[in-house]
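In what follows, a single structure is set out as C-alpha cells and then discussed.
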DNA sequence: CACTGTGAATACCTTCACAGCA
DNA sequence: TGCTGTGAAGGTATTCACAGTG
C-alpha cells in the first residue's frame, strides 16, 4: 500500500479536468479576500453548472457547509492536494523553435508552481543558445535532470517529425508525464501519460462549428 | 434551407474532435503515395481503436469498401468537407506577448489552411511593431477585417486580465469562433463558439495522473 | 431556510458482436 | 474471405430532483 493511495480516491477523468478551473477561480476569490463562496457563485466563475461543481467536489469529500457554502482557503487547499500540487513538478521543455521559446518565456508555468528547470534541443546548433536567460542543453543531459533535479514532466515543442524521438528520450530518462504540442501521435509504454495539445486541431474543430452558422448568406 | 445544411449531418462532438487526427494521418499516407488504407491501419496511425474509427466515419457516410478499406484521397476529401475546410477561415491573433508572437511565427496554421490575416494588440505601444513580417494593428481595425477580409476566427493570446475585453471586441466585430489561450472563462452570446486551451490546466492534469505512480518510493 | 450532497434518471460515448457486401 | 458498417450492450458523464443539515 503506497502513501499516495491515501490522497487518491477514484475521481473521474472528466472531473479531474475541471479541478484546475475551480482552483483558478478560488485563487482569484482569495486574492480579493473573499472567504466563503456558494456552489452557484463558484460554478459561474468556473464556467460550469452548480450541480456539476457539487458533484465534482463530492468526489474529493464533503468540504462544504450546508446552508452556507465553501470556505475558499480550505477548498483551494483540498483541490491542491487532490491534484498532487503539494509536491513540485519540475518541467523541461524540449525543442527551442518559436513555440518552445515562447513557452520558455511564459510566466504562467511558474505562477502555478511548475518550475521550468531546463530547456533542451536535439540540434547541436541550438544547444548553447541563451533562451529566456537559460542556456539550451543537449538531450543527453536528460537522465541527470531526472536523477538530480527530479524532472517529472516533459513538454515537447519540437516539429512533428522529431516528436516521437524526443518523447522516447524523455521516457528513457524516466519522465512519466508528457505534454505534447507537436501534431503527432506519440506511442509510449504503460505508465507514461501523454496529453497532446494541437493548435490546428482546435482550429479545425472551430471551423466545423463555424460552418454551421457561417454560410447562410446564400439564402437567396 | 441553407447551403451548409447539405454537408452537416449530425456528428457527435467527440467524433468531430477526432476527425482532424484522421485527416492528418490520411495526409501523411497520401504524401507517401499510399492510395488505400484499412480501418485498422488508419486507426493505429491516428491513435484510436479501429471500431471507433469506423463508427466515427459512419457519421459522415459510407465511404469505405468492404473487404478492402478506404481510398485515401477520397476519405481525406470527405473529412475536409465535413469539417468545413473547403472554404477558408481567416484568422486574427490578438495579443502580441510571447505566446502571440510565437503563434504569429508558427507555420502550422498556414500548412493546414488557416491564413493569419492580422495581428492585433490593445496596447498602443505595441501597435505598429513588426512581428513575423507583419505590422501589429489596433483593435479598432477589427470590424474592417471582418467585412473586407472575412475574418472568421479570433485567437486570444492576451494576459488573462485582458481576455474578456479582447473577446468582446472580436464578437462585436462579428467573429463567431474564438480560440482562447488565456487562463480565463470567457462569456459570449449564443452562436459564438469558444475553445479554451490552457497550458497550466494541462500540466495540472498531468500532475494528478503523475502522483498516482510517482510517490511509491515511500513504501517502507 | 438556504445551500450542500447524492441516488436516480437521462444523455452521451465507446466497445462488442456480428450482419452485409465486394 | 476480409473488411466495413451498425444495432445492441455496456460505461461514463451530466442533469434532475430532493433528502439532509448547519
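Residue numbers (our numbering), protein chains in the order written: chain A, 1 to 220; chain B, 1 to 220.
Every residue, glycine too, gets a C-beta built ideally from N, C-alpha and C.
Keep in mind it's a predicted model, so treat the numbers as computed, not measured.
1. Taking the continuous alpha helix (DSSP H) assigned at residue 194(B), which residues delimit it?
2. Going by the beta-carbon positions, is the gap between residue 186(B) and residue 169(B) smaller than 8 Å?
3. Could you tell me which whole beta strand (DSSP E) segments of length 3 or greater appear in the region 88 to 124 of chain A?
4. Beta carbon of residue 20(A), beta carbon of residue 201(B): below 8 Å?
5. Please list the segments of the beta strand (DSSP E) lying wholly inside the region 140 to 179 of chain A, counting only runs of 3 or more residues, in order along the chain.
6. Is residue 48(A) near the ligand SAH, judged by its Cβ being under 7 Å from some heavy atom?
7. Check the Cβ-Cβ distances between residue 4(B) and every residue of chain A, and say whether any is below 8 Å.
8. Mapping the DSSP letters down to three states, classify residue 50(A) as helix, strand or coil.
9. At what residues does the alpha helix (DSSP H) containing residue 21(A) begin and finish?
10. Output yes if chain B places a C-beta closer than 8 Å to the C-beta of residue 185(A); else output no.
11. Can you tell which of 24(A), 117(A), 147(A) and 88(A) has its C-alpha closest to the C-alpha of residue 137(A)?
12. Examine chain B for any beta-carbon lying closer than 8 Å to the beta-carbon of residue 201(A), and answer yes or no.
13. Alpha carbon to alpha carbon, how far is residue 125(A) from residue 14(A)? Give it in angstroms, no decimals.
14. Helix, strand or coil for residue 130(B) per DSSP?
15. Would you say residue 104(A) and residue 146(A) are within 8 Å of each other, going by their C-beta atoms?
16. Considering only DSSP beta bridges, list what residue 71(B) is partnered with.
17. Which same chain residues, not among the five before or five after residue 184(A), have their C-beta less than 7 Å away from its C-beta?
18. Note down the Cα distance separating residue 7(B) from residue 61(B), rounded to an integer number of angstroms.
19. If you count every other CB in all the chains shown that lies within 10 Å of the CB of residue 189(B), and 16 or more means buried, which is it?
20. Please confirm if the region 63 to 83 of chain A is in contact with the region 31 to 40 of chain A, defined as three or more CB-CB distances below 8 Å between the two stretches.
21. Within this structure, are the beta carbons of residue 153(B) and residue 68(B) separated by less than 8 Å?
22. Whole angstroms is fine: what's the gap from residue 49(A)'s alpha carbon to residue 43(A)'s?
23. I want to verify the contact list: residues of chain B whose CB lies under 8 Å from the CB of residue 188(A), in sequence order.
24. Ignore the nearest five residues each way along the sequence and tell me which others in residue 127(A)'s own chain have a CB closer than 7 Å to its CB.
25. Under the rule that 16 or more other beta-carbon atoms within 10 Å means buried, what is residue 158(A), buried or exposed?
26. Taking residue 102(A) as the reference, which of 64(A), 66(A) and 132(A) has the closest Cα?
27. If the cut-off is 8 Å on Cβ atoms, which residues from the region 74 to 102 of chain B count as contacting chain A, listed in chain order?
28. Alpha carbon to alpha carbon, how far is residue 107(A) from residue 182(B)?
29. Buried or exposed: where does residue 32(A) fall if 16 or more other Cβ atoms within 10 Å of its Cβ makes it buried?
30. Excluding the 5 residues flanking residue 198(B) on each side, which residues of the same chain have their C-beta closer than 6 Å to its C-beta?
31. Can you tell which of 191(A), 179(A), 115(A) and 208(A) has its C-alpha closest to the C-alpha of residue 193(B)?
32. Between the Cα of residue 11(B) and the Cα atoms of 22(B), 77(B), 83(B) and 46(B), which residue gives the shortest distance?
33. Going by other Cβ atoms of all chains shown within 10 Å of its Cβ, with 16 needed for buried, is residue 56(A) buried or exposed?
34. Mapping the DSSP letters down to three states, classify residue 137(A) as helix, strand or coil.
35. Can you grab the Cα-Cα spacing for the pair residue 24(B) / residue 46(B), in whole Å?
36. With DSSP as the reference, label residue 210(B) as helix, strand or coil.
Checking against the coordinates, here is how it stands:
1. Start at 1 with the first residue of the second chain, and residue 194(B) comes out as number 194. Unbroken run through residue 194(B) is the beta strand (DSSP E), 193 to 196; no alpha helix (DSSP H).
2. Sequence index remark: in the second chain, residue 186(B) carries index 186 (1-based). Sequence index remark: in the second chain, residue 169(B) carries index 169 (1-based). No, the pair does not count as a contact, with Cβ atoms beyond the cut-off.
3. 91 to 94 and 116 to 120
4. Within the first chain, numbered from 1, the residue matching residue 20(A) stands at position 20. Within the second chain, numbered from 1, the residue matching residue 201(B) stands at position 201. Yes. Within cutoff.
5. 153 to 156
6. With respect to the ligand SAH, the structure offers nothing, as it holds no ligand at all.
7. For the purposes of this step, residue 4(B) is taken as the residue at position 4 of the second chain. Its pLDDT being 35, under 50, residue 4(B) is placed unreliably by the model, and the measurement read from it follows with that caveat. True, the Cβ-Cβ gap to chain A drops below 8 Å.
8. By one-based count along the first chain, residue 50(A) stands at place 50. Helix at residue 50(A).
9. Mapped onto the first chain, residue 21(A) falls at position 21. Note, residue 21(A): alpha helix (DSSP H), 13 to 31.
10. Counting from 1 along the first chain, the entry for residue 185(A) is found at position 185. Answer yes: the Cβ-Cβ gap between residue 185(A) and chain B drops below 8 Å somewhere.
11. Numbered from its first residue, the first chain carries residue 137(A) at position 137. Ranking the options by Cα distance to residue 137(A), first place goes to 117(A).
12. Your numbering for residue 201(A) matches position 201 in the first chain. It does; some Cβ of chain B falls within 8 Å.
13. Stepping through the first chain from its first residue, residue 14(A) is reached at position 14. Stepping through the first chain from its first residue, residue 125(A) is reached at position 125. Whole-angstrom Cα-Cα distance: 42 Å.
14. Taking the first residue of the second chain as 1, we reach residue 130(B) at position 130. Residue state, collapsed to three classes: strand.
15. As a position in the first chain, residue 104(A) is number 104, starting the count at 1. As a position in the first chain, residue 146(A) is number 146, starting the count at 1. Not in contact: residue 104(A) and residue 146(A) (Cβ atoms no closer than 8 Å).
16. To locate residue 71(B), count along the second chain from 1; it is residue 71. Paired residue(s): 36(B).
17. Here residue 184(A) refers to the residue found at position 184 when the first chain is read from its first residue. Once the five neighbours on either side are set aside, the close Cβ partners of residue 184(A) are 160, 163 and 164.
18. Along the second chain, one-based indexing puts residue 7(B) at 7. Along the second chain, one-based indexing puts residue 61(B) at 61. Bear in mind that the predicted position of residue 7(B) carries a pLDDT of just 43, short of 50, making it unreliable; the figure below should be weighed with that in mind. So the alpha carbons of these two residues sit roughly 11 Å apart.
19. The residue given as residue 189(B) occupies position 189 in the second chain. So residue 189(B) counts as exposed.
20. yes
21. Along the second chain, read from residue 1 onward, the residue named residue 153(B) stands at position 153. Along the second chain, read from residue 1 onward, the residue named residue 68(B) stands at position 68. No. Outside cutoff.
22. Walking along the first chain from the start, residue 49(A) turns up at place 49. Walking along the first chain from the start, residue 43(A) turns up at place 43. In a straight line, the C-alpha of residue 49(A) is about 6 Å away from that of residue 43(A).
23. Indexing the first chain from 1 puts residue 188(A) at position 188. Simply none; closest approach about 11 Å.
24. Locating residue 127(A) in the first chain gives position 127, where the first residue counts as 1. Here the set comprises 121, 136, 137 and 138.
25. Walking along the first chain from the start, residue 158(A) turns up at place 158. Buried, since its Cβ has 16 or more Cβ neighbours within 10 Å.
26. Along the first chain, read from residue 1 onward, the residue named residue 102(A) stands at position 102. If we check each option's Cα against that of residue 102(A), 132(A) comes out closest.
27. 82, 83, 84, 85, 87, 89, 91, 98, 99, 101 and 102
28. For the purposes of this step, residue 107(A) is taken as residue 107 along the first chain, with counting starting at 1. For the purposes of this step, residue 182(B) is taken as residue 182 along the second chain, with counting starting at 1. Each residue's alpha carbon lies about 12 Å from the other.
29. Indexing the first chain from 1 puts residue 32(A) at position 32. Exposed.
30. Here residue 198(B) refers to the residue found at position 198 of the second chain. So the list reads 183, once near-sequence residues are dropped.
31. Indexing the second chain from 1 puts residue 193(B) at position 193. When only C-alpha atoms are compared, the closest one is 208(A).
32. Position 11 of the second chain, counted from the first residue, corresponds to residue 11(B). Nearest C-alpha to residue 11(B): 83(B).
33. The sequence position of residue 56(A) within the first chain is 56, counting from 1. By the 10 Å Cβ count, residue 56(A) comes out buried.
34. Along the first chain, one-based indexing puts residue 137(A) at 137. Strand at residue 137(A).
35. Residue numbering aside, residue 24(B) sits at position 24 when the second chain is read from its first letter. Residue numbering aside, residue 46(B) sits at position 46 when the second chain is read from its first letter. Straight-line Cα distance between these residues: approximately 8 Å.
36. For this step, residue 210(B) is matched to residue 210 along the second chain. Residue 210(B): helix per DSSP, three-state reduction.
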